[in-house]
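The structure appears right after this line, and notes come after that.
Numbering (our numbering), first residue to last: 398 to 618.
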């Protein structure tokens with residue numbers, strides 16, 4: 398299986414899509430196919446963090462999205478803001494929801510997937526379920542629509558933020574995310590030109606404020 402960076406050709410239009418900017422942080426809408434942070438090779442240096450740095454000056458990644466996942470991502474502009482925002486992620490105070498289109502018709506209208514994850518080291522960056530040494534990974538889901546063509550549109554609400562969590566959990570449901578080049582079978586991969594996973598909503602308390610602010614980026618599929 399090829400690695401996700403074997404053929405890296407990130408989108409350039411728009412170069413950056415800013416949802417919110419202040420002196421402490423930036424909320425951006427990341428395109429599918431763009432790295433969150435630089436890769437190890439010089440040819441993988443283009444990413445949303447480096448683009449934001451060129452545009453806004455010093456920035457720090459608060460969290461990450463998979464290269465193929467689109468949607469809301471936060472960057473801090475000061476060390477103090479990075480600490481304040483990161484602590485909310487660590488304490489599971491951030492409310493997040495993702496939109497995905499899954500292969501097949503999901504039977505239950507809603508449910509919870511509680512399957513621990515760990516890196517599949519010989520096949521990295523793939524992740525795998527491991528009930529012995531895996532880290533806790535919990536995802537709630539709610540069916541939004543069952544399409545006539547045998548596809549289910551769902552909202553995912555991850556309680557934890559493990560690498561590839563939603564992709565592995567969707568596969569474990571028996572309904573991989575369409576366009577997933579890492580975990581879906583070839584038929585499901587071919588049903589979409591990109592990974593059909595989008596970080597649509599994120600609610601967090603901004604530095605210096607008391608009440609949470611919600612950012613919204615409608616799914617482009």
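Just so it is clear, CB atoms sit at the ideal spot from N, CA and C, and this is done for glycine as well.
In this text the structure is predicted, and so the values were computed from the model without any measurement.
> So, are the CB atoms of residue 613 and residue 591 less than 8 angstroms apart?
Replying inline: The answer is no: Cβ separation not under 8 angstroms.
> When we look at the beta-carbon of residue 429 and count the other beta-carbons within 10 Å, is it buried (16 or more) or exposed?
Replying inline: Taking a 10 Å sphere around the C-beta of residue 429, we find 16 or more other C-beta atoms and assign the residue as buried.
> residue 565: which of 604, 525, 558 and 586 sits nearest, CA to CA?
Replying inline: The residue with the shortest Cα to Cα distance from residue 565 is 525.
> Quick one: what's residue 558 bridged to in DSSP?
Replying inline: None, per the DSSP bridge assignment.
> Who are residue 442's beta bridge partners in DSSP?
Replying inline: Answer by DSSP bridge pairing: none, since residue 442 is not bridged.
> Among 411, 477 and 464, which residue has its Cα nearest to the Cα of residue 420?
Replying inline: Closest by alpha carbon: 477.
> Quick one: is residue 431 buried, meaning 16 or more other Cβ sit within 10 Å of its Cβ, or exposed?
Replying inline: By the 10 Å Cβ count, residue 431 comes out buried.
> By Cβ distance, which residues of its chain are closer than 8 angstroms to residue 527, with the 5 residues on each side in sequence left out?
Replying inline: Sequence-distant partners of residue 527 (beyond 5 residues in either direction) whose C-beta falls short of 8 angstroms from its own C-beta, in its chain, are 513, 514 and 515.
> Where do the N-terminal and C-terminal ends of the alpha helix (DSSP H) with residue 481 fall, by residue?
Replying inline: It spans 476-487 - the alpha helix (DSSP H) in which residue 481 sits, taken as one unbroken run.
>> Taking the alpha-carbon of residue 455 as reference, which of 467, 461 and 472 has the nearest alpha-carbon?
In response: The shortest C-alpha separation from residue 455 is found at 472.
> Expressed to the nearest angstrom, what Euclidean distance is found between the alpha-carbon atoms of residue 608 and residue 520?
Replying inline: Take the alpha-carbon of residue 608 and the one of residue 520: they are about 42 angstroms apart.
> Roughly how far, in whole angstroms, is the beta-carbon of residue 500 from the beta-carbon of residue 552, given that I think they are within contact range, below 8 angstroms?
Replying inline: That pair is no contact at about 17 angstroms.
> For residue 545, which of 409, 498, 483 and 461 has the nearest alpha-carbon?
Replying inline: Nearest C-alpha to residue 545: 498.
>> Per DSSP, what are the beta-bridge partners of residue 472 in this structure?
In response: Residue 472 pairs with 423 and 458.
> For the beta strand (DSSP E) that residue 497 lies in, which residues bound it at each end?
Replying inline: Bounds of the beta strand (DSSP E) holding residue 497 are 492-500.
> Which parts of the stretch 540-615 are runs of the beta strand (DSSP E), unbroken and 3 residues or longer, counting only runs that do not cross its ends?
Replying inline: Whole beta strand (DSSP E) segments, 3+ residues: 548-555, 594-601 and 610-613.
> When you compare each of 535, 504, 568 and 523 to residue 489 by their alpha carbons, which one comes out closest?
Replying inline: Nearest of 535, 504, 568 and 523 to residue 489, Cα basis: 535.
>> Per the DSSP calculation, residue 415 is bridged to which residue(s)?
In response: 425, per the DSSP bridge assignment.
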